[in-house]
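This note's numbering puts the first residue of the sequence shown at 6, with every later residue one more than the last. Quick reminder that beta carbons are idealized off the backbone N, C-alpha and C, glycines included. Here the structure is a predicted model, which means the values were calculated and not measured.
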Amino acid sequence: MSETSIEVSEIHWLMDMFQTVDVGLVVLNCDYRIQVWNGFMENHSGLTPRQVRDSYLFDLFSEIDEDWLRRKCDPVILLKNRAFTIWEQRPYIFKFRNYRPITGSAEYMYQNCTIFPLSDTRGQVTHLCFIIYDVTDVAVSRIELESMNGRLQQLSKTDYLTQLFNRGHWEESLNQEYKRLQRYPHQSTLLMCDIDHFKRVNDTYGHSAGDLVIQQIADAVRKNLRATDIAGRYGGEEYAILLVETNLEQAAHLAERLRKSVEQLSIKYNSQILKVTLSIGLAEHNKDMTNYRQWLEAADKALYRSKAGGRNRVTCYSPLD
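In C-alpha cells:
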C-alpha cells in the first residue's frame, strides 16, 4: 500500500472518529463563526454542519451569554491557555434537550466544556475548539443526593405529627437567640402554651382524636406566626414559640389572638365536634438570666399560673412573682 493510500486511510479514520465520538466538537474562528460541527452536535441540535457553517454562534444559539463566553475565550486567544466550564457554575453552554432514559427528570443536558486554542503554522491563534461533555447523569445524581440530604436534614429537626420544629431543634434555636440577646440590647419573648384538659380528649375519644387536636392547634399556631417567629412542639400537648424582636406587650397581643383562634376552633372527629382551649405563659428575656433554661423556667411558671388561674388565659411572667 502506498504512503498516499495510508494517509488517506488515516484521514478517513480520523473523520469517522470525529463524527461518531460521544462528545461535542465545535471549531470557531476568532469572529465566533462556526467552522466545524461534529455528529454529536448535529444529533442534539438538529442542525447539520452545512446549515451552521460560517454562522455567527450567538445568532444561532441565543441562550448563550455572549459577554460571559467572550470573557472565557479572550485569555484562550491572547494567552493560548485552556479554559474550562463546569455544570455547577453554569448548567450548559448549548441548550440541548435531555433524552437520556436514566436521567429523564432533567429537562436539559448538563454540560462540562473545555476550550482550547488552535494555531496556524506561525503560532498565531486562528480558531477556538470547544469540547462539550454530556454530564447529565452525574449532575442529576448529585442534585438528587443533595436534595435528599436536605430533606433528611429537614426531617431531623421537624416534628412528624405537627410539622413544627421538634424540641431539640427548637431548643437549640432558643439557645442561639439567648446568646444573641446577651450581646445586643434587643427584646425577645418566649411563649409556652398547653392544651387544656388534653387527657380528657384522649380518654374520651381515643388517641387518634388527640392527634387530630394536636395537628389542628399546630395549624392555628402557624396561622398566627410572623415570618421571624420560631415555633416548635415542646412536649406531648405543649407548644413553644420564640417571638424574636418582640417585647412583652406585643407578645401578649399575639398570644391573646392565638388563644381566641383556638377557642373558636370546631374540630370535627368522626361525628363529634371537639372544642379545646389553650393556657399560655409568656416571659420576656432579661439580662439577669444566666442561661436559656432560666428563660424557659420563667415562661413555664407563667404557664402554670394560667392553668392554676382557671385555664384558657394568657399570663405574663414577672420577676417579682
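What number of angstroms, rounded off, separates the C-alpha of residue i from the C-alpha of residue j?
i, j, result
"residue 165", "residue 91", "38 Å"
"residue 41", "residue 33", "7 Å"
"residue 329", "residue 278", "Any question about residue 329 goes unanswered here, given that the chain covers just 6 to 326."
"residue 75", "residue 137", "17 Å"
"residue 299", "residue 288", "10 Å"
"residue 140", "residue 114", "7 Å"
"residue 217", "residue 254", "32 Å"
"residue 54", "residue 150", "38 Å"
"residue 225", "residue 233", "16 Å"
"residue 214", "residue 144", "45 Å"
"residue 295", "residue 211", "42 Å"
"residue 223", "residue 111", "36 Å"
"residue 86", "residue 170", "52 Å"
"residue 14", "residue 94", "For residue 14, the predicted model reports a pLDDT of 49, less than 50, meaning its position is unreliable; a value from the coordinates is still stated below. If you take the alpha carbons of residue 14 and residue 94, they lie about 41 Å apart."
"residue 17", "residue 43", "Below a pLDDT of 50, predicted positions are generally treated as unreliable, and residue 17, at 46, falls in that range; the measurement from the model is reported next regardless. Each residue's alpha carbon lies about 14 Å from the other."
"residue 334", "residue 128", "Any question about residue 334 goes unanswered here, given that the chain covers just 6 to 326."
"residue 167", "residue 239", "11 Å"
"residue 24", "residue 148", "31 Å"
"residue 89", "residue 131", "19 Å"
"residue 308", "residue 319", "8 Å"
"residue 122", "residue 52", "24 Å"
"residue 186", "residue 178", "12 Å"
"residue 35", "residue 231", "56 Å"
"residue 189", "residue 252", "14 Å"
"residue 322", "residue 246", "15 Å"
"residue 103", "residue 146", "14 Å"
"residue 100", "residue 120", "17 Å"
"residue 161", "residue 204", "28 Å"
Taking buried to mean at least 16 other C-beta atoms within 10 Å of its own C-beta, is residue i buried or exposed?
i, result
"residue 9", "Its pLDDT being 46, under 50, residue 9 is placed unreliably in this model, and the value from its coordinates should be taken loosely. Under this definition residue 9 is an exposed residue."
"residue 198", "buried"
"residue 116", "buried"
"residue 286", "buried"
"residue 71", "exposed"
"residue 264", "buried"
"residue 68", "exposed"
"residue 315", "exposed"
"residue 194", "buried"
"residue 7", "Residue confidence is low: residue 7 scores 48 on pLDDT, short of 50, so the model does not pin down where it sits. No coordinate-derived value is stated."
"residue 325", "exposed"
"residue 313", "exposed"
"residue 175", "buried"
"residue 26", "exposed"
Please state whether DSSP places residue i in a helix, a strand or coil.
i, result
"residue 174", "helix"
"residue 9", "Residue confidence is low: residue 9 scores 46 on pLDDT, short of 50, so the model does not pin down where it sits. Its coordinate-derived value is still stated next. Helix at residue 9."
"residue 78", "helix"
"residue 273", "strand"
"residue 72", "helix"
"residue 98", "coil"
"residue 286", "strand"
"residue 278", "strand"
"residue 229", "helix"
"residue 215", "helix"
"residue 66", "coil"
"residue 322", "coil"
"residue 220", "helix"
"residue 111", "coil"
"residue 249", "coil"
"residue 295", "coil"
"residue 34", "strand"
"residue 244", "strand"
"residue 39", "strand"
"residue 61", "strand"
I believe residue i touches residue j by the beta-carbon criterion, under 8 Å. Please report the beta-carbon distance rounded to the nearest angstrom.
i, j, result
"residue 82", "residue 62", "With a Cβ gap of about 14 Å, residue 82 and residue 62 do not count as contacting."
"residue 45", "residue 57", "At roughly 13 Å, the Cβ-Cβ gap does not stay under 8 Å, so residue 45 and residue 57 are not in contact."
"residue 317", "residue 201", "6 Å"
"residue 192", "residue 250", "7 Å"
"residue 267", "residue 248", "Going by Cβ atoms, the distance from residue 267 to residue 248 rounds to 17 Å, so no, they are not a contact pair."
Between which two residues does the beta strand (DSSP E) holding residue i run?
i, result
"residue 27", "It is not in any beta strand (DSSP E) - residue 27 carries neither H nor E in the DSSP assignment."
"residue 165", "That residue, residue 165, is in no beta strand (DSSP E); it is neither H nor E in DSSP."
"residue 116", "116 to 124"
"residue 104", "Premise fails: residue 104 is in no beta strand (DSSP E) and is neither H nor E."
"residue 199", "194 to 200"
"residue 140", "Neither: residue 140 is in no beta strand (DSSP E) and is coded neither H nor E."
What residue does the alpha helix (DSSP H) around residue i start on, and which one ends it?
i, result
"residue 209", "203 to 210"
"residue 44", "44 to 50"
"residue 262", "253 to 268"
"residue 55", "54 to 57"
"residue 234", "Note, residue 234: premise wrong, no alpha helix (DSSP H); not H, not E."
Given 7 Å as the limit, tell me if residue i has its C-beta closer than that to any heavy atom belonging to the ligand MN.
i, result
"residue 110", "By its list of ligands, the structure shown contains no ligand whatsoever, and the ligand MN lies outside what it can speak to."
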